[in-house]
């Protein structure tokens with residue numbers, strides 16, 4: 018049986034009153050939200066999330082991004098609080114764990130996370146964060162012994178030759194599957210990262226080493242025995258930019274950090290920080 022009209026009216030009035038009360042409670046809460054920079058200045062420090070074991074950017078409390086984190090904190094008039102973390106299984110895990118929610122192990126989130134790909138699909142996948150301020154362009158590269166390989170316009174000259182590349186990396190996956198798998202048998206893949214691959218090349222154990230530009234340069238820069246060039250595969254030419262991420266609502270913090278990066282780039286400090294890690298800084 019249908020309810021009495023008065024009962025329906027009272028229910029509508031009750032819903033309207035409840036909604037109005039909820040809005041009146043929510044409005045002051047929104048009004049009381051403190052801007053991110055104001056909160057950080059009250060705290061006195063900037064917590065910066067950096068990947069653990071990511072040479073040359075961070076290893077055991079030292080590296081390019083440790084210096085960059087310190088420069089950013091100083092630009093904001095804050096002390097640095099470094100928060101190292103291990104990479105998640107998926108790139109989308111890291112902004113969630115380190116920027117907007119906090120890690121499931123009980124630490125974080127950071128105020129800002131470094132070394133975040135400035136990548137449209139990642140931005141769309143992580144609307145809770147703002148990704149911005151690219152400061153480095155990473156590429157998959159290959160270093161070679163110039164005596165053994167004076168030129169390398171394709172991967173054909175590598176067939177049957179010892180090449181070092183970390184198997185669990187983009188460079189490894191590309192080389193393992195390249196040339197219909199014909200490189201596979203001569204690849205040295207049991208390596209932690211491209212730094213170890215470059216070190217193997219420097220010792221003369223292989224004729225070439227593949228990895229990220231930052232990894233190879235950090236070992237081989239200045240050694241005239243070797244050349245470092247893009248991996249000769251068309252889709253690898255442009256690479257990807259890396260920047261930083263904050264909570265989506267922290268607009269004022271993002272603007273301040275972007276301004277700090279611009280200043281560090283313009284005054285040469287960013288180039289100096291990268292040079293200390295044996296990398297030649299280029300604008301992304």
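Residue numbers (our numbering): 18 to 301.
Note that beta-carbon positions come from the ideal geometry of N, C-alpha and C, so glycine has one too.
No experiment lies behind these values; they were computed from the predicted model shown.
In this structure, the straight-line span from the alpha carbon of residue 183 to that of residue 223 is close to 13 Å. Of all C-beta pairs linking the region 149 to 166 to the region 257 to 264, three or more are shorter than 8 Å, placing the two stretches in contact. Residue 134: member of the beta strand (DSSP E) spanning 129 to 134, first to last residue.
Annotation: residue 225 is outside any alpha helix (DSSP H); the continuous beta strand (DSSP E) that includes it extends over 225 to 229. Within the same chain, Cβ atoms closer than 7 Å to the Cβ of residue 150 are found at 260, 261, 274, 275, 278, the five residues on either side in sequence being excluded. In terms of Cβ geometry, residue 166 and residue 250 do not form a close pair [threshold 8 Å]. Beta-bridge partners of residue 162 (DSSP): 243. Membership of residue 126 in any beta strand (DSSP E) is not indicated, and neither H nor E is assigned to it by DSSP.
Contact between residue 81 and residue 243 is ruled out by a C-beta separation of about 21 Å, above the 8 Å threshold.
Between residue 125 and residue 96, the C-beta spacing is not below 8 Å. In this structure the region 126 to 134 touches the region 67 to 79; the number of beta carbon pairs closer than 8 Å is three or more.
For residue 232, the CB contacts under 7 Å within the same chain, skipping 5 residues up- and downstream, are 72, 210, 211, 212, 215 in chain order. At a Cβ-Cβ threshold of 8 Å, residue 235 and residue 296 count as neighbours.
By the neighbour-count criterion, in which a residue is buried when 16 or more other Cβ atoms sit within 10 angstroms of its Cβ, residue 64 is buried. In this structure, the beta-carbon distance from residue 161 to residue 169 falls below 8 Å.
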